[in-house]
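Note that the numbering used here has the sequence shown beginning at 7, numbered continuously upward.
Each residue gets a CB set at the ideal place from its N, CA and C atoms; glycine is no exception.
Owing to the predicted nature of the structure, the values given are computational and were not obtained by experimental measurement.
What follows is a short report on a single structure.
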Amino acid sequence: DMLWGLTQPASDEINTMLLAERQLTECYVDIVRTLLEKQHVSNGAIAAVGCHGQTIRHQRLGKAMYTLQLGDIHWLSVNLGIPCIGDFRRADIALGGEGAPLSPGFHEKCFRSLQEDLAVVNLGGIANVTLLPKDTHEPVRGFDTGPANGLMDSWAQRCWQQRFDKDGTKALEGKVHEELLQTCLDDPYFAMAPPKSTGRDSFHLGWLSKRYDLTSLSDVDVQATLLDLTARSVTEAILANQPGTQRVILCGGGAFNLALVDAIAGYLPGVDVETSEVHGIAPQWVEACGFAWLAYRRLMRLQGNLPAVTGARKGAILGTLCVQ
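Written as C-alpha coordinates, this is what we have:
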(Lines of atoms letter the chains of each structure in order from A; the text may use other names.)
(Lines give C-alpha, C1' and ligand atoms only; values in the text may rest on other atoms or scores of the structure.)
Protein backbone atom coordinates (compact mmCIF):
# COMPACT_ATOMS: atom_id res chain seq x y z
CA ASP A 7 0.00 0.00 0.00
CA MET A 8 2.88 2.38 0.76
CA LEU A 9 4.40 1.77 -2.66
CA TRP A 10 1.09 2.35 -4.43
CA GLY A 11 0.54 5.53 -2.42
CA LEU A 12 3.95 6.89 -3.36
CA THR A 13 3.04 6.99 -7.04
CA GLN A 14 0.89 10.05 -6.28
CA PRO A 15 1.60 13.29 -4.35
CA ALA A 16 0.72 13.12 -0.66
CA SER A 17 1.77 14.48 2.72
CA ASP A 18 4.86 13.22 4.59
CA GLU A 19 6.19 11.63 1.41
CA ILE A 20 9.87 11.59 2.39
CA ASN A 21 9.35 9.63 5.63
CA THR A 22 6.98 7.23 3.89
CA MET A 23 9.38 6.76 0.99
CA LEU A 24 12.39 6.03 3.20
CA LEU A 25 10.43 3.59 5.35
CA ALA A 26 9.07 1.83 2.26
CA GLU A 27 12.55 1.65 0.72
CA ARG A 28 14.05 0.05 3.84
CA GLN A 29 11.26 -2.54 4.07
CA LEU A 30 11.50 -3.26 0.35
CA THR A 31 15.28 -3.66 0.48
CA GLU A 32 14.99 -6.06 3.42
CA CYS A 33 12.64 -8.12 1.26
CA TYR A 34 15.27 -8.11 -1.50
CA VAL A 35 17.89 -9.34 0.99
CA ASP A 36 15.64 -12.21 2.06
CA ILE A 37 14.81 -13.13 -1.54
CA VAL A 38 18.46 -13.26 -2.62
CA ARG A 39 19.48 -15.29 0.43
CA THR A 40 16.63 -17.76 -0.14
CA LEU A 41 17.52 -18.13 -3.82
CA LEU A 42 21.19 -18.79 -3.09
CA GLU A 43 20.33 -21.32 -0.38
CA LYS A 44 17.91 -23.18 -2.62
CA GLN A 45 20.46 -23.32 -5.44
CA HIS A 46 23.33 -24.19 -3.05
CA VAL A 47 25.37 -21.23 -4.31
CA SER A 48 27.76 -19.31 -2.05
CA ASN A 49 27.78 -15.53 -1.87
CA GLY A 50 31.34 -15.51 -3.10
CA ALA A 51 30.32 -17.14 -6.36
CA ILE A 52 28.14 -14.14 -7.27
CA ALA A 53 29.83 -11.33 -9.21
CA ALA A 54 27.05 -8.84 -8.45
CA VAL A 55 23.35 -8.46 -7.79
CA GLY A 56 21.46 -6.27 -10.26
CA CYS A 57 18.66 -4.43 -8.46
CA HIS A 58 16.36 -2.30 -10.58
CA GLY A 59 14.19 -1.46 -7.58
CA GLN A 60 10.55 -0.38 -7.54
CA THR A 61 9.59 2.55 -9.73
CA ILE A 62 7.37 5.04 -7.93
CA ARG A 63 7.72 8.00 -10.32
CA HIS A 64 8.54 8.10 -14.00
CA GLN A 65 7.31 11.02 -16.05
CA ARG A 66 8.16 14.25 -17.78
CA LEU A 67 7.84 17.65 -16.14
CA GLY A 68 7.99 20.15 -18.98
CA LYS A 69 11.13 19.25 -20.92
CA ALA A 70 12.77 17.43 -17.99
CA MET A 71 12.36 13.65 -17.64
CA TYR A 72 12.68 12.28 -14.15
CA THR A 73 12.56 8.81 -12.65
CA LEU A 74 12.75 7.37 -9.14
CA GLN A 75 13.19 3.74 -8.10
CA LEU A 76 13.23 2.56 -4.49
CA GLY A 77 15.87 0.04 -3.43
CA ASP A 78 18.94 0.83 -1.32
CA ILE A 79 21.87 -0.94 -2.99
CA HIS A 80 24.19 0.08 -0.13
CA TRP A 81 21.96 -1.67 2.42
CA LEU A 82 21.63 -4.60 0.05
CA SER A 83 25.37 -4.95 -0.50
CA VAL A 84 26.24 -4.65 3.21
CA ASN A 85 23.70 -7.27 4.27
CA LEU A 86 24.48 -9.72 1.48
CA GLY A 87 28.22 -9.24 1.33
CA ILE A 88 27.91 -9.07 -2.47
CA PRO A 89 28.53 -6.13 -4.84
CA CYS A 90 25.24 -4.61 -5.97
CA ILE A 91 24.32 -2.53 -9.01
CA GLY A 92 21.28 -0.25 -9.22
CA ASP A 93 20.10 3.12 -10.53
CA PHE A 94 20.09 1.89 -14.13
CA ARG A 95 17.98 4.66 -15.67
CA ARG A 96 19.44 8.05 -14.82
CA ALA A 97 22.57 7.93 -16.99
CA ASP A 98 20.34 7.54 -20.03
CA ILE A 99 18.13 10.41 -18.84
CA ALA A 100 21.21 12.60 -18.34
CA LEU A 101 21.93 12.02 -22.04
CA GLY A 102 18.47 13.25 -23.03
CA GLY A 103 16.83 9.83 -23.10
CA GLU A 104 13.64 8.51 -21.54
CA GLY A 105 15.54 6.12 -19.28
CA ALA A 106 13.14 3.41 -20.40
CA PRO A 107 12.48 0.85 -21.58
CA LEU A 108 15.83 -0.82 -20.94
CA SER A 109 14.82 -4.40 -21.75
CA PRO A 110 14.96 -4.22 -25.60
CA GLY A 111 18.70 -4.93 -25.69
CA PHE A 112 18.17 -8.12 -23.69
CA HIS A 113 15.15 -9.05 -25.80
CA GLU A 114 17.32 -8.71 -28.90
CA LYS A 115 19.93 -11.09 -27.49
CA CYS A 116 17.33 -13.70 -26.54
CA PHE A 117 14.63 -13.56 -29.19
CA ARG A 118 15.72 -11.89 -32.45
CA SER A 119 15.13 -14.04 -35.53
CA LEU A 120 16.53 -13.78 -39.05
CA GLN A 121 13.40 -15.43 -40.44
CA GLU A 122 10.57 -13.20 -39.22
CA ASP A 123 9.73 -9.83 -37.71
CA LEU A 124 9.07 -10.28 -33.99
CA ALA A 125 7.59 -8.21 -31.21
CA VAL A 126 8.28 -8.88 -27.54
CA VAL A 127 5.66 -7.53 -25.15
CA ASN A 128 6.36 -7.22 -21.43
CA LEU A 129 3.04 -7.07 -19.58
CA GLY A 130 3.94 -5.66 -16.17
CA GLY A 131 2.13 -2.80 -14.47
CA ILE A 132 2.91 -0.88 -17.65
CA ALA A 133 3.28 -2.58 -21.04
CA ASN A 134 6.37 -2.15 -23.15
CA VAL A 135 7.01 -3.52 -26.61
CA THR A 136 10.28 -4.37 -28.34
CA LEU A 137 10.24 -4.51 -32.13
CA LEU A 138 12.80 -6.92 -33.61
CA PRO A 139 12.95 -6.78 -37.41
CA LYS A 140 14.46 -9.78 -39.17
CA ASP A 141 16.66 -7.41 -41.18
CA THR A 142 19.63 -6.82 -38.87
CA HIS A 143 20.41 -3.59 -40.71
CA GLU A 144 17.25 -2.13 -39.21
CA PRO A 145 17.46 -0.88 -35.60
CA VAL A 146 15.73 -2.46 -32.67
CA ARG A 147 12.96 -0.20 -31.40
CA GLY A 148 10.97 -0.22 -28.21
CA PHE A 149 8.69 1.92 -26.05
CA ASP A 150 6.00 1.81 -23.38
CA THR A 151 2.57 1.39 -24.92
CA GLY A 152 0.54 2.33 -21.82
CA PRO A 153 -1.12 0.38 -19.01
CA ALA A 154 -0.90 -3.40 -18.79
CA ASN A 155 -1.82 -4.98 -15.43
CA GLY A 156 -1.60 -1.86 -13.27
CA LEU A 157 -5.12 -0.53 -13.79
CA MET A 158 -6.70 -3.99 -13.77
CA ASP A 159 -4.92 -4.95 -10.55
CA SER A 160 -5.96 -1.72 -8.84
CA TRP A 161 -9.57 -2.20 -9.88
CA ALA A 162 -9.57 -5.84 -8.70
CA GLN A 163 -8.18 -4.73 -5.34
CA ARG A 164 -10.78 -1.96 -4.96
CA CYS A 165 -13.80 -4.00 -6.02
CA TRP A 166 -13.07 -7.56 -4.89
CA GLN A 167 -10.07 -7.20 -2.53
CA GLN A 168 -8.04 -9.36 -4.90
CA ARG A 169 -4.42 -8.59 -5.78
CA PHE A 170 -5.21 -9.38 -9.41
CA ASP A 171 -7.96 -10.81 -11.60
CA LYS A 172 -6.74 -14.39 -12.01
CA ASP A 173 -7.07 -15.57 -15.63
CA GLY A 174 -9.17 -12.48 -16.33
CA THR A 175 -12.21 -14.20 -14.76
CA LYS A 176 -13.91 -10.99 -13.62
CA ALA A 177 -13.21 -9.30 -16.96
CA LEU A 178 -14.83 -12.21 -18.78
CA GLU A 179 -18.00 -11.71 -16.71
CA GLY A 180 -18.36 -8.17 -18.07
CA LYS A 181 -18.71 -6.46 -21.41
CA VAL A 182 -16.45 -3.82 -22.92
CA HIS A 183 -17.95 -0.35 -22.53
CA GLU A 184 -17.03 1.29 -25.83
CA GLU A 185 -17.47 4.87 -24.66
CA LEU A 186 -15.18 4.36 -21.67
CA LEU A 187 -12.66 2.54 -23.87
CA GLN A 188 -12.57 5.33 -26.44
CA THR A 189 -12.32 7.99 -23.75
CA CYS A 190 -9.26 6.19 -22.36
CA LEU A 191 -7.69 5.74 -25.81
CA ASP A 192 -8.12 9.48 -26.42
CA ASP A 193 -5.38 10.16 -23.87
CA PRO A 194 -2.58 11.97 -25.77
CA TYR A 195 0.03 9.43 -24.67
CA PHE A 196 -1.29 6.76 -27.03
CA ALA A 197 -0.91 9.03 -30.06
CA MET A 198 2.64 10.10 -29.19
CA ALA A 199 5.41 8.87 -31.44
CA PRO A 200 8.28 6.96 -29.84
CA PRO A 201 10.63 7.25 -28.08
CA LYS A 202 8.28 7.43 -25.13
CA SER A 203 7.85 5.92 -21.69
CA THR A 204 5.34 6.18 -18.87
CA GLY A 205 4.51 4.80 -15.43
CA ARG A 206 1.82 4.02 -12.91
CA ASP A 207 2.00 7.60 -11.71
CA SER A 208 0.39 8.53 -15.06
CA PHE A 209 -2.04 5.61 -15.49
CA HIS A 210 -3.89 5.00 -12.23
CA LEU A 211 -7.47 4.85 -10.96
CA GLY A 212 -7.52 8.60 -10.39
CA TRP A 213 -6.68 9.05 -14.09
CA LEU A 214 -9.50 6.66 -14.97
CA SER A 215 -12.16 8.26 -12.76
CA LYS A 216 -11.34 11.72 -14.12
CA ARG A 217 -12.03 10.49 -17.64
CA TYR A 218 -15.41 8.88 -16.95
CA ASP A 219 -18.12 8.52 -14.29
CA LEU A 220 -17.43 4.93 -13.26
CA THR A 221 -20.39 4.83 -10.83
CA SER A 222 -22.69 4.36 -13.82
CA LEU A 223 -20.97 1.11 -14.81
CA SER A 224 -20.81 -2.36 -13.29
CA ASP A 225 -17.51 -3.40 -11.75
CA VAL A 226 -17.04 -6.29 -14.18
CA ASP A 227 -17.75 -4.05 -17.20
CA VAL A 228 -15.00 -1.67 -16.06
CA GLN A 229 -12.63 -4.61 -15.66
CA ALA A 230 -13.51 -5.93 -19.12
CA THR A 231 -12.87 -2.48 -20.57
CA LEU A 232 -9.51 -2.14 -18.81
CA LEU A 233 -8.42 -5.49 -20.19
CA ASP A 234 -9.47 -4.42 -23.68
CA LEU A 235 -7.63 -1.11 -23.22
CA THR A 236 -4.40 -3.04 -22.62
CA ALA A 237 -4.99 -5.38 -25.56
CA ARG A 238 -5.95 -2.56 -27.94
CA SER A 239 -3.13 -0.21 -27.02
CA VAL A 240 -0.50 -2.96 -27.26
CA THR A 241 -1.66 -4.37 -30.58
CA GLU A 242 -2.30 -1.01 -32.22
CA ALA A 243 1.23 0.06 -31.27
CA ILE A 244 2.67 -3.07 -32.86
CA LEU A 245 0.64 -2.75 -36.06
CA ALA A 246 1.42 0.95 -36.42
CA ASN A 247 5.17 0.60 -35.90
CA GLN A 248 5.94 -2.84 -37.35
CA PRO A 249 3.00 -3.88 -39.53
CA GLY A 250 4.84 -6.93 -40.84
CA THR A 251 5.11 -8.53 -37.39
CA GLN A 252 4.68 -12.29 -37.69
CA ARG A 253 5.19 -13.40 -34.10
CA VAL A 254 4.48 -11.81 -30.70
CA ILE A 255 6.24 -13.11 -27.59
CA LEU A 256 4.58 -12.25 -24.27
CA CYS A 257 6.30 -12.02 -20.89
CA GLY A 258 5.59 -10.52 -17.48
CA GLY A 259 2.69 -11.25 -15.18
CA GLY A 260 0.09 -10.45 -17.85
CA ALA A 261 1.27 -13.46 -19.87
CA PHE A 262 -0.60 -15.59 -17.30
CA ASN A 263 -3.88 -13.72 -17.81
CA LEU A 264 -5.58 -16.06 -20.26
CA ALA A 265 -8.29 -13.58 -21.17
CA LEU A 266 -5.71 -10.90 -21.92
CA VAL A 267 -3.63 -13.26 -24.06
CA ASP A 268 -6.74 -14.25 -26.01
CA ALA A 269 -7.70 -10.60 -26.50
CA ILE A 270 -4.24 -9.71 -27.83
CA ALA A 271 -4.31 -12.68 -30.19
CA GLY A 272 -7.79 -11.68 -31.34
CA TYR A 273 -6.54 -8.26 -32.44
CA LEU A 274 -3.64 -9.85 -34.36
CA PRO A 275 -5.18 -12.31 -36.84
CA GLY A 276 -2.56 -14.36 -38.67
CA VAL A 277 0.13 -13.52 -36.09
CA ASP A 278 1.55 -16.21 -33.81
CA VAL A 279 1.09 -15.14 -30.18
CA GLU A 280 2.97 -17.14 -27.54
CA THR A 281 4.76 -16.68 -24.23
CA SER A 282 8.51 -16.55 -23.66
CA GLU A 283 8.25 -20.03 -22.14
CA VAL A 284 8.31 -21.36 -25.72
CA HIS A 285 11.76 -19.77 -26.07
CA GLY A 286 13.20 -21.14 -22.86
CA ILE A 287 12.60 -18.33 -20.36
CA ALA A 288 9.60 -18.34 -18.05
CA PRO A 289 7.52 -15.15 -18.46
CA GLN A 290 8.03 -14.07 -14.85
CA TRP A 291 11.83 -14.36 -15.21
CA VAL A 292 12.42 -12.28 -18.34
CA GLU A 293 12.52 -8.90 -16.62
CA ALA A 294 14.78 -10.17 -13.82
CA CYS A 295 17.11 -11.82 -16.32
CA GLY A 296 17.21 -8.57 -18.27
CA PHE A 297 18.50 -6.59 -15.30
CA ALA A 298 21.01 -9.33 -14.44
CA TRP A 299 22.25 -8.91 -18.02
CA LEU A 300 22.45 -5.13 -17.57
CA ALA A 301 24.36 -5.64 -14.32
CA TYR A 302 26.82 -7.87 -16.18
CA ARG A 303 27.28 -5.20 -18.83
CA ARG A 304 27.95 -2.64 -16.10
CA LEU A 305 30.67 -4.86 -14.65
CA MET A 306 32.19 -5.30 -18.10
CA ARG A 307 31.82 -1.55 -18.79
CA LEU A 308 29.68 -2.24 -21.85
CA GLN A 309 26.86 -0.07 -23.22
CA GLY A 310 23.51 -0.90 -21.68
CA ASN A 311 21.04 1.40 -23.42
CA LEU A 312 19.83 1.54 -27.02
CA PRO A 313 19.64 5.22 -28.11
CA ALA A 314 17.18 4.31 -30.89
CA VAL A 315 14.85 3.11 -28.13
CA THR A 316 15.29 5.70 -25.40
CA GLY A 317 16.20 8.75 -27.48
CA ALA A 318 19.50 9.31 -25.66
CA ARG A 319 22.20 11.22 -27.53
CA LYS A 320 24.58 8.26 -27.33
CA GLY A 321 25.12 4.90 -25.76
CA ALA A 322 25.96 4.71 -22.07
CA ILE A 323 27.22 2.35 -19.40
CA LEU A 324 24.22 2.03 -17.08
CA GLY A 325 24.05 1.48 -13.35
CA THR A 326 25.84 2.44 -10.15
CA LEU A 327 28.12 -0.17 -8.56
CA CYS A 328 28.22 -0.49 -4.78
CA VAL A 329 30.92 -2.68 -3.22
CA GLN A 330 31.04 -3.12 0.56
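Among the options, nearest to residue i - alpha-carbon criterion
i	options	result
Ala-154	Gly-286, Ile-270 and Ala-298	Ile-270
Phe-149	Asp-234, Val-127, Asn-85 and Ala-288	Val-127
Leu-256	Thr-31, Glu-280 and Asp-219	Glu-280
Ala-314	Gly-102, Asn-263, Pro-89 and Ile-91	Gly-102
Arg-206	Leu-232, Leu-137 and Ile-132	Ile-132
Thr-204	Leu-157, Gly-59, Thr-151 and Thr-251	Thr-151
Met-8	Asp-123, Glu-179, Glu-293 and Leu-76	Leu-76
Val-267	Thr-61, Asp-234 and Val-292	Asp-234
Gly-92	Gly-321, Ala-301 and Gly-310	Ala-301
Ile-88	Phe-94, Ala-162, Ile-79 and Arg-96	Ile-79
Ser-160	Pro-194, Trp-10 and Thr-61	Trp-10
Ala-70	Arg-96, Thr-61 and Gln-45	Arg-96
Where residue i falls, given that 16 or more other Cβ within 10 Å makes a residue buried
i	result
Gln-331	The requested residue 331 does not occur in the structure, where the chain is confined to residues 7 to 330.
Gly-50	exposed
Asp-171	buried
Ser-282	buried
Tyr-72	exposed
Met-198	exposed
Pro-15	exposed
Residue i - containing beta strand (DSSP E), residue span
i	result
Gly-50	First-last for Gly-50: undefined, no H or E at that position.
His-64	60-67
Asn-128	124-129
Leu-12	That residue, Leu-12, is in no beta strand (DSSP E); it is neither H nor E in DSSP.
Tyr-273	Premise fails: Tyr-273 is in no beta strand (DSSP E) and is neither H nor E.
Arg-96	Looking at the DSSP string, Arg-96 is not in any beta strand (DSSP E); the run it does join, the alpha helix (DSSP H), is 96-100.
Ile-255	253-257
Beta-ladder partner(s) of residue i, from DSSP
i	result
Ala-154	Its beta-bridge partners do not exist; DSSP assigns none.
Ile-132	Pro-153
Gln-29	Answer is none; Gln-29 lacks a bridge partner.
Host alpha helix (DSSP H) of residue i (start-end)
i	result
Gln-229	225-247
Arg-303	292-305
Tyr-195	194-197
Leu-191	184-191
Cβ-based neighbour list, residue i, same chain, cut-off 6 Å, excluding 5 preceding and 5 following
i	result
Gly-296	Ser-109 and Phe-112
Ala-200	The sequence shown places Pro at residue 200, not Ala. Around Pro-200: Phe-149.
Gly-122	In the sequence under discussion, the amino acid at residue 122 is Glu, which differs from the Gly named in the question. Around Glu-122: Lys-140, Gln-252 and Arg-253.
Cβ shell of residue i (< 8 Å), same chain only, five flanking positions each side left out
i	result
Leu-86	Val-35, Val-38, Arg-39, Asn-49 and Val-55
His-285	Cys-116, Phe-117 and Ile-255
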